[in-house]
Every structure is written in structure tokens, then in C-alpha cells.
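Chemist: The listed protein sequences correspond, in order, to chains A and B. Quick note on our numbering: the first sequence kicks off at 20 and runs consecutively. Quick note on our numbering: the second sequence kicks off at 1145 and runs consecutively. Yeah, the Cβ is synthetic: ideal placement off N, Cα and C, and Gly gets one too. To start, I am sharing the structure in question, which I have written as C-alpha cells.
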Amino acid sequence: GNSVTQMEGPVTLSEEAFLTINCTYTATGYPSLFWYVQYPGEGLQLLLKATKADDKGSNKGFEATYRKETTSFHLEKGSVQVSDSAVYFCALRGGSYIPTFGRGTSLIVHP
Amino acid sequence: DAGITQSPRHKVTETGTPVTLRCHQTENHRYMYWYRQDPGHGLRLIHYSYGVKDTDKGEVSDGYSVSRSKTEDFLLTLESATSSQTSVYFCAISENTSGDTQYFGPGTRLTVL
């Protein structure tokens, strides 16, 4: 079956540092890949997505590239801000009704 | 923002009582989902619906039932609440299956004493 593995947190960074959160997946076929973000006390919201190999999703300075050869979709940001502190979820969705989520990675950014 | 509301937003109840959580959407999306979120477990799917009166079980469905009599409403019932069901519950919707974004509600924090 499908699975998503993402690095465990928390990831703790200083403001303006470079961020990478690793995500790898196992899936049959050609799934779409997603990053969701959850701010404290809120539900998840879409951060970015990519629907086919070599696509790059981007939003709010975050980027991730769909790498089929390495089955990865790592999230990156060049300069994090305190306001980026949140939990980040990697997810995939193939042809079924049920998406598959990673366990989430908590990011803490200090001033 | 997608129009999804959950009610109640917070609830405290006692072991053995029935509890119903409501998810309401204004997007006319076909697919609806109930998840629970617990520390160390991420999101776990309880039940989902792929149309009116069409529902199926997720990975943690024991002790929960659902109903969907209208496109816009998806109800989650804890038939006899237990302390292990203390959690934050999220509803989500999506228009299609393959490749489609899920939109999440704000969550319901349930405490079972």
C-alpha cells in the first residue's frame, strides 16, 4: 500500500535560516504529492502540491520538487520566519478515495 | 477559504455517553472525511463518504459511526464515549479523488472524562 515517511521533529531554527524537511513516499502508479501546514489551534491547509514527476510546487517562499527517481518531495525554504512555526505534513493521493499522510514535522523558529 | 464548519468546537463529556459531531460544508464537494489527531500518531482516518448515504471505514473506525443524509452534512457519532476517544477531530472535504486537494475544518476538541 501507499506510505509517506517524513523526518521527525521538532526542527528548531533561528530566523532567516534555511529549512529542509524531508519526505519520501511509496506508492503505486503516479500519485499527486502535497505539503499541508497546520498552525496552532487550526486545521490543516494546503501549502503546495505537485501532480507529476519533476513538477515544482511553490507558495509563500516554500518549494518542493516531485522526484520520482528518488520517490521524494522535500520541502525547502531559503529564509524562515517566526511566523512559519507550525506542523508540516507531507501527503500523497493516488486514484483512491483515501489520501496518505506522514506523521507531521513540527517546526519551531526562534527570533 | 473553503466553507467548512464543525460543531461543537469544544466538548467535554463523560464515559459511556453518546456524542455526535457535525461537519457542514457549503462547497458541494462529493467527498467528506473524519480524522482524529493525537500526539505521536499524526492524522488517522476514521470514516469517509463518497456520496450521500455512501460511507466506508477508515483505519480507526471501531467505536464510531457516521451518517450522510445530505451532501453538505457529515455526522460522526461516538456510540458510547471512552477516554481513549479524547482527541481533536477534523473533518475534511474534497471535490474529486485523484490528485485533489483536501480542505480541512477548524477541528473539534473532545474530552471524555
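(1) If we define contact as Cβ-Cβ less than 7 angstroms, is T1245(B) a contact residue for chain A?
(2) Does the distance from the CB of Q57(A) to the CB of A105(A) come in under 7 angstroms?
(3) Would you give the residue range spanned by the beta strand (DSSP E) that M26(A) belongs to?
(4) If we count the other Cβ atoms within 10 Å of its Cβ and call it buried at 16 or more, is G62(A) buried or exposed?
(5) Distance check for I127(A) and P59(A), CA to CA, integer angstroms please.
(6) Short of 6 angstroms in beta carbon distance, which residues of its chain neighbour Q25(A), apart from the five on each side in sequence? Order them along the chain.
(7) Got a sec: which bits of the stretch 87-104 of chain A sit with their beta carbon under 9 angstroms from any beta carbon on chain B, in order along the chain?
(8) From the DSSP output, which residues share a beta bridge with N41(A)?
(9) According to DSSP, which residues form a beta bridge with Y1208(B)?
(10) In chain A, which residues lie less than 9 angstroms from L1220(B) when you measure between Cβ atoms?
(11) Which chain B residues sit within Cβ distance under 7 angstroms of K68(A)?
(12) List, in order along the chain, the chain A residues whose C-beta lies closer than 8 angstroms to that of Y1194(B)?
(13) Starting from E61(A), find everything on chain B with Cβ-Cβ shorter than 9 angstroms and list it in chain order.
(14) Along the beta strand (DSSP E) that carries I127(A), what are the first and last residues, could you check?
(15) Count the other CB atoms within 10 Å of the CB of R1153(B); is the residue buried (16 or more) or exposed (fewer)?
(16) Measure the C-alpha to C-alpha separation of S115(A) and T1161(B) and round it to an integer number of angstroms.
(17) Determine the extent of the beta strand (DSSP E) in which H1154(B) is found, giving its start and end residues.
(18) Within a Cβ cutoff of 7 angstroms, which residues of the same chain sit near K71(A), ignoring the five residues on either side of it in sequence?
(19) Indicate whether the contact test is met: 3 or more Cβ pairs, each with one atom in the stretch 1158-1178 of chain B and one in the stretch 1217-1225 of chain B, closer than 8 angstroms.
(20) Between V101(A) and the rest of its own chain, which residues show a CB-CB distance below 7 angstroms, the 5 nearest in sequence each way excluded?
Modeler: Considering the structure as presented:
(1) yes
(2) yes
(3) Per DSSP, M26(A) belongs to no beta strand (DSSP E) and is neither H nor E.
(4) buried
(5) 12 angstroms
(6) C42, C109, G121, T124
(7) none
(8) Note: N41(A) sits in no beta bridge, so no partner.
(9) L1222(B)
(10) By Cβ distance, chain A contributes nothing, its closest Cβ being about 15 angstroms from L1220(B), past 9 angstroms.
(11) T1245
(12) Y116
(13) F1248, P1250, G1251
(14) 124-129
(15) exposed
(16) 34 angstroms
(17) 1154-1157
(18) Y49, Y85
(19) yes
(20) E34, V128, P130
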